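For reference, the structure discussed in these notes is given below.
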Amino acid sequence: MTITTPDDFTQRWRQPPNFPLDLLFDYLFLPPVDFLDHLRRDEEVRFAVLGDDDWQVRMDRTAAFRTAPIEEVVTWPFRLVHFNLSRFYGDLLDGFQEEVMVPWRTHLSARGFTWQRLAPILFLSTEGASSTYHNDNSHGLVWQVHGTKTFHSYLDPDKHLPADAAVIGKTTGEDPPEHDRADRQSLTMRPGDQLWSHALTPHWVTTESALTMSVTLSHGGLCHQGRFSERELALRSYWDKNPGEAWTHDLRHVRY
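Each residue of the sequence shown is one higher than the one before, counting from 1 in full-length UniProt numbering.
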């Protein structure tokens, strides 16, 4: 069921499975090729060249990724992520703060939500590429901007990865473990589609079109009227016992 009202969202956000949303953000992105050409040259970008070609081909493409003709780069299988998008609010993402971030923060705040961090993350990938199998310590509002991808998770994440195990990083892997496909929740996302990805739920993403771009609004420490989500309680408990680790790895997955 797609979430379309504030009351629906308030009822569903606390526990899996993931769910589609229908939020009308008034923002027009530049073409994804423009983002790719700009971000691939940035010192903070993270990318991985993939594919079945031999090791030397992948190494050569990795070395040339920032400078090769963009028409060539888009034919390579790769995944790319940038976590620090606020640096581009004055150019590449001109108006994003005013047209997306401020309205969404206002929407949440007006309905009794608080948070400790709320920031956008941008993903680009080409057909055949997939993310690692992982979980995030933050809730994500995933917004598909261009192309098609499928967001895979589980109908009952506890059956495959309890929250306590997710907190200490037992999810990391290039591919998901063997599982019954009937347990899987696979949501195909096309331009304009959105979904809510719960904190600490294992997931992986496959790219279904030539070039895809999505933006995830990542919510750290999201709380509604003093209550955290069910799975995040395990994270808060862990950080209470290990305060030196709090907020040191909530954004960046080491195996992207």
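Backbone N, C-alpha and C fix where the C-beta goes; we use that ideal spot for every residue, glycine too.
As the structure is a prediction and not an experimental result, all values here were calculated from the model.
Kindly indicate which residue of Gly95, Trp115, Thr132 has the alpha-carbon position closest to the one of Pro177. Counting from 1 along the sequence shown, the entry for residue 177 is found at position 177. Measuring C-alpha to C-alpha distances from Pro177 to each of Gly95, Trp115, Thr132 identifies Thr132 as the nearest.
Identify the residues that DSSP records as bridge partners of His219: which are they? As a position in the sequence shown, residue 219 is number 219, starting the count at 1. Listed as beta-bridge partners of His219 by DSSP are Leu118, His139.
Within 10 angstroms of the Cβ of Ile70, are there 16 or more other Cβ atoms? Answer buried if so, exposed if not. Mapped onto the sequence shown, residue 70 falls at position 70. Result: exposed.
Reduced DSSP category for Ser237 - H, G, I as helix; E, B as strand; rest coil: What you label residue 237 is simply residue 237 of the sequence shown in a count that begins at 1. The answer is helix: DSSP assigns Ser237 an H, G or I state.
Are Asn18 and Ser214 touching if we call contact CB-CB under 8 Å? Position 18 of the sequence shown, counted from the start, is the residue given in the question as residue 18. Position 214 of the sequence shown, counted from the start, is the residue given in the question as residue 214. Inclusion of Asn18 and Ser214 in the CB contact set at 8 Å is not warranted, their separation being larger than that value.
One or two residues paired with Gly173 in a DSSP bridge: Taking the first residue of the sequence shown as 1, we reach residue 173 at position 173. Answer is Tyr133, bridged to Gly173.
With a cut-off of 8 Å, do at least 3 Cβ pairs link the stretch 100 to 119 to the stretch 197 to 205? With the cut-off at 8 Å, the stretch 100 to 119 and the stretch 197 to 205 do not touch.
Cβ-based neighbour list, Val33, same chain, cut-off 8 Å, excluding 5 preceding and 5 following: For this step, residue 33 is matched to residue 33 along the sequence shown. The answer, listed in chain order, is Ile70, Val74, Leu211.
For Thr188, three-class secondary structure by DSSP: Taking the first residue of the sequence shown as position 1, residue 188 is located at position 188. When DSSP states are grouped into helix, strand and coil, Thr188 belongs to the strand group.
Span of the beta strand (DSSP E), counted from its first residue to its last, around Ser153: Here residue 153 refers to the residue found at position 153 when the sequence shown is read from its first residue. Start and end: 149 to 154.
Please classify His134 as buried or exposed, where buried requires at least 16 neighbouring CB atoms within 10 angstroms. Within the sequence shown, residue 134 is the residue found at index 134, counting from 1. Buried: at least 16 other Cβ atoms inside 10 Å.
Bridge partners - Ser197, DSSP secondary structure assignment: Stepping through the sequence shown from its first residue, residue 197 is reached at position 197. Looking at the DSSP output, Ser197 sits in a beta bridge with Gly140.
Applying the criterion that 16 or more other CB atoms from any shown protein chain within 10 Å of the CB defines a buried residue, is Lys149 buried or exposed? Mapped onto the sequence shown, residue 149 falls at position 149. Buried, because 16 or more other Cβ atoms sit within 10 Å of the Cβ of Lys149.
Are Leu36 and Leu92 close, meaning C-beta to C-beta below 8 Å? In the sequence shown, counting from the first residue as 1, residue 36 sits at position 36. In the sequence shown, counting from the first residue as 1, residue 92 sits at position 92. By the CB criterion at 8 Å, Leu36 and Leu92 fall outside the cutoff.
Looking only at C-alpha atoms, which of Thr207, His203, Pro162 sits nearest to Ala234? Within the sequence shown, numbered from 1, the residue matching residue 234 stands at position 234. Of the candidates Thr207, His203, Pro162, the residue whose Cα lies closest to the Cα of Ala234 is Pro162.
In its own chain, which residues sit with a C-beta less than 8 Å from the C-beta of Leu21, not counting the 5 before and 5 after it? The residue labelled residue 21 in the question sits at position 21 within the sequence shown. Thr2, Ile3, Thr4, Phe9, Leu141, Gln194, Leu195, Trp196, listed in sequence order.
If you count every other CB in all the chains shown that lies within 10 Å of the CB of Gly221, and 16 or more means buried, which is it? Walking along the sequence shown from the start, residue 221 turns up at place 221. When all chains shown are included, Gly221 counts as buried.
Could you tell me whether the Cβ atoms of Val145 and Pro191 are closer together than 8 Å? For this step, residue 145 is matched to residue 145 along the sequence shown. For this step, residue 191 is matched to residue 191 along the sequence shown. Yes. Within cutoff.
State buried or exposed for Ala63, treating a residue as buried only when at least 16 other CB atoms are found within 10 Å of its CB. As a first step, residue 63 is located in the sequence shown; it is residue number 63 there, counting from the start. Exposed, since its Cβ has fewer than 16 Cβ neighbours within 10 Å.
Entirely enclosed beta strand (DSSP E) segments - the stretch 43 to 74, minimum 3 residues: For the stretch 43 to 74, whole beta strand (DSSP E) runs of length 3 or above, ordered along the chain, are 46 to 49.
By Cβ distance, which residues of its chain are closer than 8 Å to Gln97, with the 5 residues on each side in sequence left out? In the sequence shown, the residue the question calls residue 97 occupies position 97. Same-chain partners within the cutoff: Ser86, Tyr89.
Assigned exposure category for Gly147 - 16 Cβ within 10 Å defines buried: As a position in the sequence shown, residue 147 is number 147, starting the count at 1. Taking all protein chains shown into account, Gly147 has 16 or more neighbouring C-beta atoms within 10 Å of its C-beta and is therefore buried.
In whole angstroms, what is the alpha-carbon distance linking Met59 and Thr67? In the sequence shown, residue 59 corresponds to position 59, counting from 1. In the sequence shown, residue 67 corresponds to position 67, counting from 1. C-alpha separation (whole angstroms): 14 Å.
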